[in-house]
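Okay, so the sequence shown: first residue is 1236 according to the working numbering, each after it adds one. Working notes, beginning with the structure itself.
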Amino acid sequence: MRKRRESIVRKEEPKMHEMAIAEGILGIALDQARANDAQRIERIHLLLGELSGVETEALTLAFSSLVRGTIAEQADLTWDRIPLSGRCHDCGRERPLRPQDYLCPDCGGGMEFTHGREMRVDYIEME
């Protein structure tokens, strides 16, 4: 009798990619807190590009599991999404883009993404 294969990742568990990102975010925040003699981290604010590939629900879950027992345990993890934009190699115009926009609608030149892939800690509020 064959058993049906089941995923080894439970739906409520954060994905590995977001767990690694959450570890990096927490590491940055704790380093900054130590450098500033902070007793508590209240908020960590991120800038996440539209094409960063970060699933915020999984990131929030991963972060909440990592901060237990740290000075960031009560910290809010917040973010702003950075829309995709780019610059034409030929005419130099900058404009908002969609992920499928590889050619400039003005001159037909190739587009280079200039914003929308970011993934960084913007600021940390601490006491």
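All C-beta atoms in this analysis are idealised placements derived from N, C-alpha and C, irrespective of residue type, glycine included.
Threshold first: 3 residues or longer. Then list the beta strand (DSSP E) segments lying entirely within the stretch 1240-1297, N to C.
Taking 3 residues as the minimum length, the beta strand (DSSP E) runs contained wholly in the stretch 1240-1297 are 1276-1284, in order along the chain.
Can you give me the start and stop residues for the beta strand (DSSP E) that Glu1347 sits inside?
1346-1350
Just to confirm the assignment, what range does the beta strand (DSSP E) spanning Arg1322 have?
Counting along the chain, the beta strand (DSSP E) containing Arg1322 begins and ends at 1320-1323.
Looking at Ile1256 and Val1289, is the spacing between their C-beta atoms short of 8 Å?
Contact flag set, yes.
Which residues in the same chain as Leu1265 place their Cβ atom closer than 8 Å to its Cβ, once the five residues preceding and following it in sequence are excluded?
Ile1276, Thr1305, Ile1306, Ala1307
DSSP state of Leu1301, grouped into three classes?
Of the three classes helix, strand and coil, the one that applies to Leu1301 here is helix, per DSSP.
What did DSSP end up calling Glu1308 once you bin it into helix, strand or coil?
coil
Do Gly1284 and Glu1353 have their C-beta atoms closer together than 8 Å?
Yes.
With DSSP as the reference, label Pro1340 as helix, strand or coil.
coil
Which first and last residues belong to the beta strand (DSSP E) in which Arg1355 is found?
DSSP places Arg1355 in the uninterrupted beta strand (DSSP E) bounded by 1354-1361.
Quick check on DSSP: helix, strand or coil for Arg1316?
strand
Going by DSSP, what residue range makes up the beta strand (DSSP E) through Pro1331?
Where Pro1331 is concerned, the enclosing beta strand (DSSP E) stretches over 1329-1331.
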